[in-house]
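J.: If you use the numbering used here, the sequence shown corresponds to residues 0 to 162, in order.
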Amino acid sequence: MLPVIALVGRPNVGKSTLFNRLTKSRDALVADLPGLTRDRKYGEGQLGEDQNYIVIDTGGITGDEQGIDYEMAKQSLQAIDEADIVLFLVDGRAGLNPADEVIANYLRKTSKPCHLVVNKTDGLNPDVVIGDFFSIGLGHPLAIAAAHGRGVTSLIEYVLEEL
Ligand code: GDP
Ligand code: MG
Numbered sequence: 000m001l002p003v004i005a006l007v008g009r010p011n012v013g014k015s016t017l018f019n020r021l022t023k024s025r026d027a028l029v030a031d032l033p034g035l036t037r038d039r040k041y042g043e044g045q046l047g048e049d050q051n052y053i054v055i056d057t058g059g060i061t062g063d064e065q066g067i068d069y070e071m072a073k074q075s076l077q078a079i080d081e082a083d084i085v086l087f088l089v090d091g092r093a094g095l096n097p098a099d100e101v102i103a104n105y106l107r108k109t110s111k112p113c114h115l116v117v118n119k120t121d122g123l124n125p126d127v128v129i130g131d132f133f134s135i136g137l138g139h140p141l142a143i144a145a146a147h148g149r150g151v152t153s154l155i156e157y158v159l160e161e162l
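#1: Are there three or more Cβ pairs, one per stretch, closer than 8 Å when the stretch 88-103 is compared with the stretch 118-134?
#2: Between 9, 82, 16 and 47, which lies nearest to residue 59 when the distance is taken from Cα to Cα?
#3: What are the boundary residues of the alpha helix (DSSP H) that residue 88 is part of?
#4: Consult DSSP for residue 126 and reduce its assignment to one of helix, strand or coil.
#5: Check whether the stretch 153-160 and the stretch 120-132 touch, using three or more Cβ-Cβ pairs below 8 Å as the test.
#6: Does the structure place the stretch 49-56 close enough to the stretch 104-115 that three or more beta carbon pairs sit under 8 Å?
#7: Pull up the distance between the alpha-carbon of residue 0 and that of residue 43, whole angstroms please.
#8: Along the chain, where does the beta strand (DSSP E) that runs through residue 56 open and close?
#9: Of the choices 115, 20 and 41, whose alpha-carbon is the least far from that of residue 91?
#10: If you check the beta carbons only, do residue 56 and residue 87 fall under 9 Å apart?
#11: Sort 2, 119 and 151 by Cα distance to residue 78 and report the nearest one.
Set out below in structure tokens:
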């Protein structure tokens, strides 16, 4: 079985941008992956020559879960259940948001390996930007710029190694 990485976070933090960069439109053969449903978006990523993994993109968690937000959140929670590794994305430009705290509270209760990823750090000093996010209490934040690819390969190397 390939390791499964779920991308979670509130809408607009860059989950789909990261998903597209990691999978480069390689669609996962979900039929071959027992236990995974088609409700969420699956893709296959590759690190180096031969280290493949599955990535799950999710709609997002807004922290105000009614109607469509409720459905998105439900999907995200299911993606967390299916994952071996959870990447919790936050927006380094927007700073800490109340919805981030809602997600963090949930993640703290799961036993899944979880990494806090600060996106959109392009043009910013990553060491300064991550400073905002230590207070979430999910360890050392990892800075990336998904749209530009900065930090993305080392992020995946790091999280797969920790597995
Ligand atoms: P999602 O809702 O979490 O899936 O977020 P999207 O991937 O749709 O991205 C939301 C917005 O953030 C889009 O306008 C992206 O172009 C932008 N975005 C994503 N990653 C980056 C990044 O690394 N830097 C900057 N500056 N913008 C980004
Ligand atoms: Mg998206």
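Ideal Cβ positions, reconstructed from N, Cα and C, are used throughout, including at glycine.
Predicted model only: the values in this text are computed from it and were never measured.
T.: Walking through what the data contain:
#1: The stretch 88-103, when compared against the stretch 118-134, does touch it at the 8 Å Cβ threshold.
#2: That would be 9, whose Cα lies nearest to the Cα of residue 59.
#3: Per DSSP, residue 88 is not a residue of any alpha helix (DSSP H); the beta strand (DSSP E) it occupies stretches across 84-90.
#4: Note: residue 126 maps to helix in three-state DSSP.
#5: With contact defined as three or more Cβ pairs closer than 8 Å, the stretch 153-160 and the stretch 120-132 are not in contact.
#6: The stretch 104-115, when compared against the stretch 49-56, does not touch it at the 8 Å Cβ threshold.
#7: Spanning the alpha carbons of residue 0 and residue 43 requires a straight line of approximately 12 Å.
#8: Unbroken beta strand (DSSP E) run through residue 56: 50-56.
#9: Ranking the options by Cα distance to residue 91, first place goes to 115.
#10: It is not a contact, given that the beta carbons lie outside the stated cut-off.
#11: Selection 2, 119 and 151 evaluated against residue 78 yields 2 as nearest (Cα-Cα).
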